[in-house]
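Accompanying notes for the structure given below.
In structure tokens, the structure reads:
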């Protein structure tokens, strides 16, 4: 009798598991409304076995995700990736007996988590920050691809289009991890212009991020336009040739980056850093990851009425004249190092400096040791030409391709 019952029980149990799996795939949660922005992502992440509900019809979309939870989540998403030869069996002492130990060890073995980042223990129940998430995912991508390792190196001196890049600034050691996360669209900034490095992430947000990670793991680093742009800015100090029909020809913006130009009126000097272009030929599909940083609806009428491309230069102005004002700068240069105020309010939103529009003498009097700022120039696509000339004889041209 026992021999007969065993296959029957096995069949029943197997059917139970199957039905449970099918039910899970079709699960709807009482606390995820039909119009919830992440409803589709949540249901997809649950059906794929990445996320689980709480067993009482709840998903708790607004609950924060802990380190242990996110480590487990990315381990499941990256299930197809090969483990390192050494593997990881005892990554953190404070995980002994913790439910997440096996999956955290797997995340370490896959290269997502670096044990040296947590010398005082993993502290698995700590809510994970967005900065940590970006670093984990970027590290995992680098562990799986040499091209991502190259992208990491090339973005060490790039500019991220987020407020933290200007105030208070992003440490160079952190910059490439954020660049890879943003460049692959794994993570984006918030409407207020910030990345939110210290913010935590909800289960709903994590569901969307996990599905993006699933897709990114299947692609090469070179397939992402935004990451390619961040890489170019990191190396060449410009995105010009990537987003527009303009070129520097045989010259290079990198050759003039960090170089000084003394004003012809002797009132001061500037040091040039980089040049960024935003292609607005199709207003609804602006070409450049930096478009939200520099261009908004206040610019639409002006830019649409002229066949021009706005070029944004990062410079540091060093006043010398006692009454130095914007006029001294404007009259002191005759080439493309000159520029105009970015007058659309985005400087306040993102926290960067641009030319003052009032009381400029008082403004520069407070910055006698120098002030870094952004200025804009406009170059006609009908007759594109421009030149930068620096004190040491270095120069760069802007031409049509």
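Numbering (my numbering), first residue to last: 24 to 424.
Even glycine gets a Cβ: it sits at the ideal position worked out from N, Cα and C.
Where residue 403 is concerned, the enclosing beta strand (DSSP E) starts and stops at 394-403.
Here residue 336 is buried, its C-beta having at least 16 other C-beta atoms within 10 Å.
Secondary structure note for residue 342: its beta strand (DSSP E) is the uninterrupted segment 331-342. Contact between residue 86 and residue 207 does not hold, since the beta-carbon distance rounds to 26 Å and is not under 8 Å. Taking C-beta atoms under 8 Å as the contact rule, residue 356 and residue 284 qualify, at a distance of about 7 Å.
Looking from the CA of residue 378, the closest CA among 121, 397, 255, 237 belongs to 397.
Assignment of residue 423 by DSSP, reduced to helix, strand and coil, places it in the strand class. Beta-bridge analysis with DSSP links residue 377 to 397. The shortest CA-to-CA distance from residue 406 to any of 384, 332, 385, 320 is the one to 332. The DSSP assignment places complete alpha helix (DSSP H) segments of no fewer than 4 residues inside the region 249-329 at 263-266, 276-279, 314-317, 323-327, in order along the chain. Annotated three-state conformation of residue 199 is helix, per DSSP.
Between the region 168-182 and the region 127-143, the count of Cβ pairs shorter than 8 Å is below three; the stretches do not touch. The criterion of a C-beta distance shorter than 8 Å is satisfied by residue 178 and residue 257.
Sixteen is the threshold: when 16 or more other Cβ atoms of the shown chains lie within 10 Å of the Cβ of residue 262, as they do, the residue is buried. For residue 150, DSSP records a beta bridge to 89.
The C-beta of residue 138 has fewer than 16 other C-beta atoms within 10 Å across all chains shown, which makes the residue exposed. Counting along the chain, no beta strand (DSSP E) covers residue 211, and no H or E run does either. Rounded to the nearest whole angstrom, the C-alpha separation of residue 413 and residue 287 is 12 Å. The region 180-195 makes contact with the region 370-377: 3 or more CB pairs, one atom from each, lie closer than 8 Å. About 14 Å separates the CB atoms of residue 210 and residue 193; that is not less than 8 Å, and the two are not in contact. For residue 412, the enclosing beta strand (DSSP E) has its first and last residue at 408-412.
Separation of the CB atoms of residue 359 and residue 411 is rounded to 5 Å, and the pair is thereby assigned contact status at 8 Å. Taken atom to atom, the span from the alpha-carbon of residue 303 to that of residue 116 is near 54 Å. By alpha-carbon distance to residue 249, the top candidate from 203, 238, 316 is 203.
In the three-state reduction of the DSSP assignment, residue 175 falls in the helix class. CA-to-CA, the gap between residue 223 and residue 64 works out to about 19 Å.
Here residue 381 is exposed. Its C-beta has fewer than 16 other C-beta atoms within 10 Å.
For residue 351, same chain residues with a beta-carbon under 8 Å away, outside a window of 5 residues either side, are 286, 288, 290, 291, 342, 344 in chain order.
Taking C-beta separations shorter than 7 Å and ignoring five residues to either side along the sequence, the partners of residue 265 in its chain run 251, 252, 255, following chain order. If the five residues before and after residue 153 are omitted, its C-beta is found closer than 8 Å to the C-beta atoms of 210, 218, 219, 220, 221, 222, 223, 224, all from its own chain and listed in chain order.
At a Cβ-Cβ threshold of 8 Å, residue 201 and residue 157 count as neighbours. Relative to the Cα of residue 205, the nearest Cα in the group 189, 191, 361, 236 belongs to 236.
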